[in-house]
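The next block holds one structure in the form of structure tokens; read it before the comments.
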Amino acid sequence: MYDLAFFRANFDSVSARLATRGNQLSLEGFRELDQRRRAAIQEAEELKAKRNASSMEIAKLRKQGVDTADAQQAGRAMGERIGFLDEQVNKLEDEFRELLAGIPNLPQESVPVGRSEEDNVEVRRCGTPREFTFAPKAHWDLGPELGILDMERAAKITGARFTAYFGLGAKLERALTNFMVDVHTREHGYTEVLPPFLVNSASLFGTGNLPKFGDDLFKIEKSDLWLIPTAEVPVTNLFRDEVLDAARLPIRFCAATSCFRSEAGSYGRDVRGVIRQHQFQKVELVKFTTPEQSNEEHEKLTADAEDILLRLGLPFRTVVLCTGDMSFSSAKTYDIEVWLPGQNGYKEISSCSNFEAFQARRANLRFKGGKGKAEHLHTINGSGLAIGRTWVAIIENYQQEDGSVLVPEALRPYMNAERIEKSGELR
RNA sequence: GGAGGAAUGGCCGAGCGGUUUAAGGCGGCGGUCUUGAAAACCGUUGAUGGGGAAACUCAUCCGGGGGUUCGAAUCCCUCUUCCUCCGCCA
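Heads up, the first sequence stops at 486 in this note's numbering, and the numbers go up one at a time, no gaps.
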């Protein structure tokens, strides 16, 4: 979100750059609205100044025992007019807020201009997809065969797009979470945080999910609480309405949470397996930085996420999203895509974005150096990584001809097993 | 869930209808003194919006929202959060 002064001063350039995202801004009415707002403010404030002076006068006269009925009558009339004008100003400012809150972030200069996924640009590729000497299976076949994954029973107890894990399958999910959090906290300098999984709507406004994208979320009935779609929401809002000491920046947080998404409008996409679920686990990385630090910290955060894939020996590629494919709040986004033999292609496993001051303005996140004024900080976040999709990548990439799955070296201490084999527990 | 108490600037804290134009302290910043520092002393201090080229000036802000009044940090209503006690409970 932009503040009004910035928007007013830069309307034309903002408008031109937003066009590259496929957004059309209508200039209509904007200047006229602005004019009316300022006129109402001016008249109201002049009247308020008058009323203040008159009240002081009344106080003085009454001390002297003079009758002030006429002055009080005049004051009452002024009060009525002020009330009317204040109401006008509030209405106009609400209109502005709504207008400004609905405008997406500006893409950085380095973001390729494009219209869809097709126009994203690959920036690097690591590891080589394995050559199988047999036909590799997809996880939706392999998981049930191993007795570690049951989607049908999960559909019974809850519904479509939910799943249940058993035995070493459940343990693999837990091992991945611990492994990722350990690497990020011990070696990448992040502080672990365990936030609430439910948030209020002010938090969702802060990250840009509300007011436009409420349909993607699950809401708790009869309350102002929503299930988090990602840990980004509670963690980014930790410092909402606060002014942080510049010396503390950058602040790096790492949070493992469940995530809940309604997936409205994704019918027919990724319907098989556990690629797209209403509930999934994710380790999220969130940074608060100064404007000067943010690009470098964004690159580092992306590398921190990639490091998990390197350690697990999973092939991946990283793409920079084009202007038309970026999310509402982002100024620049890298997607990391892992190789999945079951799909014979790369699939998104992490999305790392620099939001610059966009979320900071909405959530009123500020920092202050020694002498200067408080200014909005920059926020960055990315998955490090999505647990469910990493689970899929391991099952599919490490499958053996006999139907078992080899556990990657890095995970063995967490699994206390070298291999996932058929379990008799689930029939 | 019940009964009480509380919320004031970056922090602590006074004020409880009209010189509050929010006291005082801490912290921060600047200065005096000092070889330097500390201490002491002096000065200074927030946010948002309007007008102005600027100096500056006006308005708003005492948890949020509403009300009473010529005038509200102060009185009334309401919501939120925190504290104490009781009840229930991982």
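Don't be surprised by glycine CBs; every beta carbon is placed ideally from N, CA and C. These numbers come from a predicted model, not from an experiment.
Under DSSP, the alpha helix (DSSP H) around residue i begins and ends at which residues?
i      : result
Val242 : 226-246
Glu365 : 353-371
Asn259 : Note, Asn259: premise wrong, no alpha helix (DSSP H); beta strand (DSSP E) at 257-259.
Ser113 : 89-122
Val489 : As displayed, the chain neither begins before 60 nor continues past 486, which places residue 489 out of reach and without an answer.
Arg448 : 446-456
Whose C-alpha, out of the options, is nearest the C-alpha of residue i?
i      : options                        : result
Leu371 : Ala78, Phe238, Asp394          : Phe238
Phe221 : Asp209, Lys230, Leu227         : Asp209
Ile453 : Ala306, Asn440, Gly161, Leu373 : Leu373
Glu407 : Thr377, Glu434, Phe70          : Thr377
Arg140 : Arg245, Pro350, Glu105         : Glu105
Leu435 : Asp129, Glu280, Arg76, Glu301  : Correcting the residue type first, residue 435 is His in the shown sequence and not Leu. Selected option, being the one with the closest Cα: Glu301.
Ala306 : Lys427, Asn164, Val397         : Lys427
Thr244 : Ile100, Lys391, Ser463, Leu344 : Leu344
Thr187 : Tyr405, Ser409, Ala364, Gly462 : Tyr405
Thr192 : Lys150, Gln458, Arg471         : Gln458
Ser389 : Ser72, Val379, Trp398          : Val379
Tyr249 : Asp129, Ala68, Lys359          : Lys359
Gln338 : Gly218, Glu204, Arg174, Tyr61  : Gly218
Val172 : Lys432, Asn296, Arg76, Lys119  : Arg76
Is any heavy atom in the ligand ATP found nearer than 7 Å to the beta carbon of residue i?
i      : result
Gly441 : Ligands are entirely absent from the displayed structure, and the ligand ATP is therefore not among its contents.
What residue range is occupied by the uninterrupted beta strand (DSSP E) comprising residue i?
i      : result
Phe66  : Element bounds for Phe66: not the beta strand (DSSP E) but the alpha helix (DSSP H), 63-68.
Asn341 : Looking at the sequence shown, residue 341 is not Asn but Lys. From DSSP, the beta strand (DSSP E) with Lys341 extends over 338-348.
Tyr393 : 391-399
Asp304 : 301-304
Glu152 : First-last for Glu152: 128-160, but that is the alpha helix (DSSP H), not the beta strand (DSSP E).
Lys427 : 424-427
Arg311 : 310-319
Thr377 : 375-379
Glu291 : Glu291 -> not in any beta strand (DSSP E); alpha helix (DSSP H) instead, spanning 291-295.
Just to confirm, is the Cβ distance from residue i to residue j under 8 Å?
i      : j      : result
Leu444 : Val342 : yes
Cys411 : Asn179 : no
Ile439 : Ser353 : yes
Leu144 : Glu102 : yes
Ile310 : Lys346 : yes
Gly447 : Val333 : yes
Thr275 : Pro288 : Here residue 275 turns out to be Asp, not Thr, going by the sequence shown. In contact: Asp275 and Pro288 (Cβ atoms closer than 8 Å).
Pro270 : Phe277 : no
Asn456 : Pro400 : yes
Glu177 : Arg96  : no
Arg299 : Ala422 : yes
Leu4   : Phe66  : The question about residue 4 has no answer here: the residues shown for the chain are numbered 60 through 486.
Ala214 : Pro254 : no
His247 : Pro350 : no
Ala98  : Ser113 : no
Met385 : Arg80  : yes
Phe272 : Val294 : no
Mind checking who residue i pairs with in its DSSP beta bridge?
i      : result
Thr438 : Phe347, Glu415
Tyr405 : Trp398
Leu286 : Leu257
Arg174 : In the DSSP output, where bridge partners are listed per residue, Arg174 has none listed.
Ala223 : Asp209
Leu465 : Arg478
Val125 : None; Val125 has no bridge partner.
Ser410 : Asp394
**Request:** Determine, using beta-carbon pairs with one atom in the segment 307-323 and one in the segment 407-417, whether at least three such pairs fall under 8 Å.
**Result:** Cβ pair count under 8 Å is below three, so no.
**Prompt:** Three or more beta-carbon pairs under 8 Å between the segment 225-241 and the segment 256-272, yes or no?
**Reply:** They do not touch, by the three-pair rule.
**the segment 168-183 in contact with the segment 118-131 per 3-pair CB rule at 8 Å** = No: fewer than three Cβ pairs fall under 8 Å.
**Message:** Three or more C-beta pairs under 8 Å: does that hold for the segment 187-203 against the segment 96-111?
**Reply:** Of all C-beta pairs linking the segment 187-203 to the segment 96-111, fewer than three are shorter than 8 Å, placing the two stretches out of contact.
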